[in-house]
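*Asks:* Encoded as structure tokens, here's the structure I'll be asking about.
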Amino acid sequence: MAVTINLEPYRRNFFAHLQGIGAPCCWLWTDRPGRLRGRRGPLFVVTPGRRGNRRSMPAAEAAMYFFRGRLLTRGEHVVHLCDREDCVRPDHLAIRSEVEDV
228 MAVTINLEPY
238 RRNFFAHLQG
248 IGAPCCWLWT
258 DRPGRLRGRR
268 GPLFVVTPGR
278 RGNRRSMPAA
288 EAAMYFFRGR
298 LLTRGEHVVH
308 LCDREDCVRP
318 DHLAIRSEVE
328 DV
């Protein structure tokens with residue numbers, strides 16, 4: 228039996244913490260600085276995980292999920308093309324593997 232998760236509350240929460248959305252420059256994440264398991268992008272958002280469990284992830288990873296519909300796989304990370312770790316604008320982000328980033 229498949230679990231259906233309503234993502235709208237998470238999406239609203241995500242957009243509530245953006246500054247500069249719609250502007251031609253970076254969209255800045257304004258909530259909860261910190262670090263998660265040494266990953267780049269020290270800013271988090273809580274989103275649904277597998278089987279409906281909640282999980283934390285850097286805001287840039289959440290942006291990739293909300294804007295591109297893609298969760299990262301093992302060995303992948305988000306690269307900030309604009310060099311601002313608090314930017315979550317999807318066209319300023321790219322997914323790279325650890326091999327590509329060496």
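Residue numbers (our numbering): 228 to 329.
Using N, Cα and C, we set each Cβ at its ideal position, and we do this for glycine too.
Using the C-alpha atoms, what's the distance from phenylalanine 294 back to asparagine 233?
*Replies:* Taking the straight line from one Cα to the other gives about 16 Å.
*Asks:* Counting along the chain, where does the beta strand (DSSP E) carrying glutamate 303 start and finish?
*Replies:* Start and end: 303 to 307.
*Asks:* By a C-beta neighbour count over all protein chains shown, 10 Å radius and 16 as the cutoff for buried, is arginine 262 buried or exposed?
*Replies:* Caution is warranted here: a pLDDT of 49 is assigned to arginine 262, below 50, making its placement in the model unreliable, and no coordinate value can be reported.
*Asks:* Count the other CB atoms within 10 Å of the CB of valine 326; is the residue buried (16 or more) or exposed (fewer)?
*Replies:* Classification for valine 326: exposed.
*Asks:* Distance check for glutamate 303 and proline 251, CA to CA, integer angstroms please.
*Replies:* Going by the C-alpha atoms only, they are around 27 Å apart.
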